[in-house]
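J.: Have a look at the structure that comes next, please.
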Amino acid sequence: MTLTDSAQPKTLRTYMSTAWSGDGRYDGLDAVVAAIAEGAQQIQQKVQAATLAGVVGTTGETNVQGEIVQLLDTAASDTFVDVLRSSGRVAAIGCEEIEGTVVVGDGPQHSYIVQMDPLDGSSNIDVAVSIGSIFGIWCRRADEPVSDASLLRPGKEQAAAAYVVYGSSTVLVVAVEDSVQGFTLDPMNGQFSLTHPDLRLPDKCSNYSANEGNFKKLDGPTKKVFTTLRDTYSLRYVGSLVADFHRNLLKGGIFLYPGDPSSPDGKLRLMYEANPLGFVVEQAGGAASSGERRILDIQPERLHQRTPLIIGNKDVVDQVVSIIVGG
Ligand code: AFP
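Residue 613 is where the sequence shown starts when you use our numbering, and the numbers rise one by one after that.
Here it is as structure tokens:
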């Protein structure tokens with residue numbers, strides 16, 4: 613079959629200019645998402661060429677989380693800060709790799725706050741496994757000067773969220789209220805086009821994604837969660853949150869990274885992992901919980917705080933939470 617012009621999928625820019633045009637809620641959001649797409653295209657090229665260019669491996673430093681920094685972590689952080697600054701619409705950025713608030717603009721047009729994990733799953737780079745980037749986007753409060761406090765907003769106040777998975781193809785997923793759209797990068801022309809319109813979680817949960825190697829560290833109720841899931845679903849675990857989340861969004865599934873008695877808050881970060889993906893999953897009909905409360909209701913206290921995360925099909929998230937709460 614020949615692909616006619618009318619069968620060509622919409623580009624990201626065309627999609628945003630039609631779907632968001634004239635809607636005051638999204639004023640300037642297209643510039644922020646276009647910046648994320650531009651950064652993703654640059655990172656995709658760096659990821660593909662990393663081994664040949666000699667930029668795999670570590671910088672020899674640890675980040676604010678105490679984790680080993682990969683060379684590409686730093687490149688991705690610098691790239692996304694640059695493109696978001698150039699968008700002219702972002703006031704401040706919180707970033708996994710940067711301890712404090714990055715203030716990039718304080719004018720009236722700088723109306724968005726972005727929280728990001730520029731390269732998630734980076735320990736998978738050296739072994740050619742899928743990795744990702746994650747973004748939570750909040751509207752800056754009117755007339756508020758930018759400060760550290762501007763970043764400590766609950767996830768339910770997000771205006772939008774996005775993630776990129778750098779896998780066998782590079783896919784950008786963008787969510788705003790009641791809408792989740794997936795765009796695939798054409799590496800030949802650098803354009804993202806709409807390939808996964810109106811994403812909704814399938815009704816049936818097929819998979820669970822969790823680090824089974826942590827089983828012996830878990831408390832009794834959480835062990836019960838794992839054994840229950842094992843009895844019912846297939847295990848699929850990449851070890852890159854974005855890759856695991858994206859598969860579950862498309863196929864139906866639940867991802868969990870719970871706390872344990874030695875790390876009650878688990879491993880994942882609230883502001884730039886759990887909140888953005890929590891926003892995406894809710895717009896797609898799913899749910900995200902810490903086990904104690906809805907992720908998007910958590911009032912953050914620190915930029916880099918961690919949270920347990922249970923995310924995916926709502927019925928299974930609810931089932932897991934009831935086992936944890938029931939003890
Ligand atoms: P890295 O960025 O250090 O590879 O960590 C990835 C991650 O933050 C998240 O993407 C994974 O879901 C999770 O950690 C995997 O953690 P485990 O290796 O403990 O299973």
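Each residue gets a CB set at the ideal place from its N, CA and C atoms; glycine is no exception. Here the structure is a predicted model, which is why all the values come from computation and not from measurement.
Please report the straight-line C-alpha distance between glutamine 770 and glutamate 824, rounded to a whole angstrom.
T.: Whole-angstrom Cα-Cα distance: 32 Å.
J.: Considering Cα atoms alone, identify which of Leu915, Gly938, Val854, Ser875 is closest to glycine 924.
T.: Comparing Cα-Cα distances from glycine 924 to each of Leu915, Gly938, Val854, Ser875, the minimum goes to Val854.
J.: Helix, strand or coil for valine 714, going by three-state DSSP, please let me know.
T.: Three-state DSSP puts valine 714 in a strand.
J.: Should the segment 903-921 be called in touch with the segment 759-777, which here means at least 3 C-beta pairs below 8 Å?
T.: Result yes; three or more Cβ-Cβ pairs closer than 8 Å.
J.: To the nearest angstrom, report how far apart threonine 796 and leucine 811 are at their CA atoms.
T.: Taking the straight line from one Cα to the other gives about 14 Å.
J.: Just checking my contact of asparagine 736 with glycine 851 at CB under 8 Å: how many whole Å lie between their CB atoms?
T.: Indeed, because the Cβ distance is near 6 Å, the residues count as touching under 8 Å.
J.: Grouping DSSP H, G and I as helix and E and B as strand, with all else coil, what is aspartate 639?
T.: The answer is coil: DSSP assigns aspartate 639 none of H, G, I, E or B.
J.: Can you tell me whether alanine 761 is buried or exposed? The criterion is at least 16 other CB atoms within 10 Å of its CB, across all chains shown.
T.: Per the 10 Å Cβ criterion, exposed.
J.: Quick one: residues with CB closer than 5 Å to any heavy atom of the ligand AFP, in chain order, please.
T.: Going by the Cβ distance cut-off, the answer is Asp732, Gly733, Ser734, Ser735, Asn823, Gly851, Ser852, Leu853.
J.: How is the alpha helix (DSSP H) around glutamine 803 delimited, first residue to last?
T.: Per DSSP, glutamine 803 belongs to no alpha helix (DSSP H); it is in the beta strand (DSSP E), 803-808.
J.: Might you give, ordered along the chain, the residues of its own chain that have their beta carbon closer than 7 Å to the beta carbon of lysine 829, omitting 5 neighbours on each side?
T.: The answer, listed in chain order, is Asp872, Ser874.
J.: Asparagine 819 bridges to which residues according to DSSP?
T.: DSSP lists Ser846, Gly865 as partners of asparagine 819.
J.: To the nearest angstrom, report how far apart tyrosine 849 and methionine 628 are at their CA atoms.
T.: Cα-Cα distance, rounded: 33 Å.
J.: For asparagine 887 versus tyrosine 845, is the C-beta spacing smaller than 8 Å?
T.: No, they are not a contact pair.
J.: Under three-state DSSP, which class holds isoleucine 705?
T.: Note: isoleucine 705 maps to strand in three-state DSSP.
J.: On a Cα-Cα basis, can you pick out the residue from Ala822, Gly748, Asp718 that is closest to leucine 841?
T.: Selected option, being the one with the closest Cα: Ala822.
J.: Might you give, ordered along the chain, the residues of its own chain that have their beta carbon closer than 7 Å to the beta carbon of isoleucine 935, omitting 5 neighbours on each side?
T.: Counting only Cβ-Cβ distances below 7 Å, and skipping sequence neighbours, we find Pro833, Lys836, Val837, Thr840.
J.: Would you list the one or two residues that DSSP bridges to glycine 748?
T.: BP columns for glycine 748 point to Gln727, Ala773.
J.: For aspartate 790, which of helix, strand or coil comes out of DSSP?
T.: If DSSP states are grouped into helix, strand and coil, aspartate 790 belongs with coil.
J.: Looking at the strands, I want to know which residues DSSP matches up with phenylalanine 857.
T.: Answer is none; phenylalanine 857 lacks a bridge partner.
J.: For glutamine 917, which of Ala787, Glu885, Gln654 has the nearest alpha-carbon?
T.: Here the closest residue by C-alpha is Glu885.
J.: What is the DSSP secondary structure of glutamine 653, reduced to helix, strand or coil?
T.: In this structure, glutamine 653 counts as helix in the three-state DSSP scheme.
J.: Report yes if the C-beta distance between valine 783 and valine 776 is below 8 Å; otherwise report no.
T.: Taking 8 Å as the Cβ cut-off, valine 783 and valine 776 qualify as a contacting pair.
J.: So what's glycine 700 in DSSP terms, helix, strand or just coil?
T.: DSSP places glycine 700 in coil when its eight states are reduced to three.
J.: Can you tell me which residues form a DSSP beta bridge with glycine 924?
T.: In DSSP, glycine 924 forms a bridge with Ile866, Ala899.
J.: For aspartate 694, name the three-state secondary structure that DSSP assigns.
T.: Three-state DSSP puts aspartate 694 in a helix.
J.: Could you spell out the range, first to last residue, of the alpha helix (DSSP H) harbouring methionine 883?
T.: Here methionine 883 belongs to no alpha helix (DSSP H), and DSSP marks it neither H nor E.
J.: So, isoleucine 910 versus leucine 882, is the Cβ gap smaller than 8 Å?
T.: Yes, these two residues count as a Cβ contact at 8 Å.
J.: Any idea what DSSP makes of leucine 915, helix, strand or coil?
T.: Reduced to three states, the DSSP call for leucine 915 is coil.
J.: Please go through the same chain and pick out, in chain order, the residues whose beta-carbon is closer than 7 Å to the beta-carbon of glycine 878, but skip the five residues on each side of it.
T.: Closer than 7 Å at Cβ, skipping near neighbours: Tyr869, Pro870, Gly871, Arg918, Thr919, Pro920, Leu921.
J.: Between the segment 646-660 and the segment 682-694, can you find at least three pairs of beta-carbon atoms closer than 8 Å?
T.: They touch, by the three-pair rule.
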